[in-house]
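J.: Handing you this structure, nothing more for now.
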Amino acid sequence: MWRVFQRHGVFAVRNRNPDRAHELAGVSFRSFSTKAAPHTTRMEYQDAVCTLNTLQTNASVLAQARQERSHSQLQLQAMVGFLERSGLKVDKLDHLNIIHVTGTKGKGSTCAFTERILRSYGFRTGFYSSPHLVQVRERIRINGQPIGKELFAKYFWQVYGRLYETKDVNDGEMPGYFRFLTILAFHVFLQEKVDLAIIEVGIGGAYDCTNIIRRPWVCGISSLGIDHTQLLGDTMEKIAWQKGGIFKPGVPAFTVKQPEEAMMVLKDRAKEIGVSLRRCFP
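Mind the numbering: the sequence shown is residues 18 to 299 in the numbering used here, read in order.
Written as C-alpha cells, this is what we have:
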C-alpha cells in the first residue's frame with residue numbers, strides 16, 4: 018500500500034515494500050501548499066529511500082545517453098548545474114582530496130584496498146562506490162562503514178529539498194538516481210570533514226557524472242576490457258579513450274598492465290592532457 022507523505026514542503030511516497038518503489042519512477046508529485054513542512058528530528062530513512070527510488074533510474078538514464086552520445090559533454094554540464102542547485106560549487110570538491118578510479122574490472126576492489134590502506138594510516142576516509150548489495154547507504158562510507166540511517170536521511174532531505182525547490186525554474190528537472198547519489202556523497206564527505214575521498218566512476222570516465230571533479234589528488238585505471246559498448250564504443254581503443262578521460266592536467270595517474278592497444282591510447286591521452294602516467298607492477 019502506498020502512503021503519501023510530506024518532507025520540507027514536497028510530497029513523496031512510501032510503500033511498505035521499498036524495493037517496489039521503482040515502480041513510480043518518472044511520477045512527479047507537486048505540493049499544493051507553499052508552506053514548508055515543519056522540520057522533524059526523525060526523518061525516516063525508509064521515506065528517503067522511497068523518494069530516491071522515484072527518481073529516474075540508472076537504466077533509463079543509460080538508454081537516453083546511448084541515444085544522445087553526440088551530446089555527452091552536455092551531460093557533464095547538466096551535472097554541474099545539479100551540483101550548484103544543491104548548494105555546492107565545483108571548486109569545493111577540491112577540498113575532498115579525491116582519488117578518482119575507473120576501469121572495467123577491479124575498480125571497486127582497487128578503491129576498497131586504497132581506502133583500507135589510507136585508513137590504517139589514520140586518515141578519515143570517504144568512499145563512494147556502486148552498486149550496493151543490500152542497502153543504498155552502502156554506497157557512501159566513512160571510515161569503511163556505510164553511513165547510518167539517520168545520517169543518510171538528514172543529508173538526503175537537505176539535498177533533495179534544495180533540488181526540488183529549484184526544479185520549476187529549471188524545466189522541472191531533477192537528477193536521476195546515480196547523479197543524485199553522487200551529489201549526496203559529495204555533500205556528506207564535505208560536511209563530515211573527511212581527510213580524503215575515494216570516488217569510483219560509474220561507467221566509462223570522460224562523461225561519467227563523477228568527472229566534474231577538476232583537481233583530484235590522483236587518478237587510477239584498473240584492468241580494461243570490452244563492456245558497455247553501446248555507450249563507450251566497441252573497441253579497446255575507444256573504451257581506453259573514455260577511461261582516460263578522468264586524467265587531469267598535472268595530476269599523477271596510475272594504471273596496471275593493459276592490452277597493448279589500450280595502453281597506447283592511455284599514453285596518448287596522458288600526453289595530450291599533460292599527465293604523468295605510471296604503470297603499477299604486481
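No residue lacks a Cβ here, since even glycine has one placed at the ideal position from N, Cα and C.
(1) For the region 250 to 259 against the region 268 to 283, are there 3 or more C-beta pairs whose distance is under 8 Å?
(2) Closest by CA to V235, which one among L105, V118, Y177, T127?
(3) Between the beta-carbon of T68 and the beta-carbon of G242, is there less than 8 Å?
(4) Where does C297 sit, in a helix, a strand or coil, going by DSSP?
(5) Please return the same chain residues whose Cβ sits closer than 7 Å to the Cβ of A223, not counting the five positions on each side in sequence.
(6) Hey, L113 and L213: beta-carbon distance below 8 Å or not?
(7) From R59 to E167, what does the alpha carbon distance come to, in whole angstroms?
(8) List the endpoints of the continuous beta strand (DSSP E) containing V205.
(9) By how many angstroms is the C-alpha of Y138 removed from the C-alpha of G125?
(10) Can you tell me which residues form a DSSP beta bridge with A95?
(11) Just to confirm, is the Cβ distance from I230 to E132 under 8 Å?
(12) May I ask you to report which of helix, strand or coil DSSP gives Y145?
(13) Are three or more beta carbon pairs between the region 134 to 154 and the region 268 to 275 nearer than 8 Å?
(14) From E61, R296, L294, pick the residue whose C-alpha is nearest to that of W174; which is it?
(15) Of the residues F264, G219, G237, P233, which one's Cα is nearest the Cα of D244?
(16) On a CA-only basis, which of L72, Q90, C226, P192 is nearest S146? Give me that one, please.
(17) Bridge partners of S239, per DSSP?
(18) Residue range of the alpha helix (DSSP H) that T119 falls in?
(19) What's the C-alpha gap between N160 and A170?
(20) Under the assumption that T272 contacts L294 (Cβ atoms under 8 Å), give the Cβ distance between them as a whole number of angstroms.
(21) Run through DSSP, which three-state label would E61 get?
(22) Helix, strand or coil for D185 per DSSP?
(23) What does DSSP give as the partner residues of I216 in its beta bridges?
(24) Within this structure, are the beta carbons of R141 and V211 separated by less than 8 Å?
(25) Using C-beta distances below 7 Å, list every residue in its chain close to H56, excluding the 5 sequence neighbours before and after it, in chain order.
T.: Let's see:
(1) In this structure the region 250 to 259 lies against the region 268 to 283, because at least three pairs of beta carbons, one per stretch, are closer than 8 Å.
(2) If we check each option's Cα against that of V235, V118 comes out closest.
(3) Their beta carbons are not under 8 Å apart, which means T68 does not touch G242 by this criterion.
(4) Here C297 carries a coil assignment [DSSP, helix/strand/coil].
(5) Taken in chain order, the residues that qualify are Q259, G262.
(6) For L113 and L213, yes; Cβs fall inside 8 Å.
(7) Residue placement at R59 cannot be trusted, given a pLDDT of 46 that sits under 50; what the coordinates show is reported in the next sentence. The alpha-carbon atoms of R59 and E167 are separated by roughly 8 Å.
(8) Premise fails: V205 lies in the alpha helix (DSSP H), 194 to 208, not in any beta strand (DSSP E).
(9) The alpha-carbon atoms of G125 and Y138 are separated by roughly 20 Å.
(10) Note: A95 sits in no beta bridge, so no partner.
(11) Contact: no.
(12) Here Y145 carries a strand assignment [DSSP, helix/strand/coil].
(13) Touching, no.
(14) The residue with the shortest Cα to Cα distance from W174 is E61.
(15) Considering only alpha carbons, the answer is G219.
(16) Checked all of L72, Q90, C226, P192; the closest Cα to S146 is C226.
(17) According to DSSP, S239 bridges with nothing at all.
(18) Segment 115 to 119 is the beta strand (DSSP E) holding T119; no alpha helix (DSSP H) there.
(19) It is roughly 19 Å from the alpha-carbon of N160 to the alpha-carbon of A170.
(20) Their Cβ separation, rounded to whole angstroms, is 7 Å, which keeps T272 and L294 in contact under 8 Å.
(21) DSSP places E61 in the coil class of the three-state scheme, outside both helix and strand.
(22) If DSSP states are grouped into helix, strand and coil, D185 belongs with the helices.
(23) Residue pairing of I216 in beta bridges, as defined by DSSP: H117, Y145.
(24) Going by C-beta atoms, R141 is nearer than 8 Å to V211.
(25) Annotation note: pLDDT 45 at H56 (below 50); position unreliable, coordinate value reported separately. Once the five neighbours on either side are set aside, H56 has no close Cβ partner at all.
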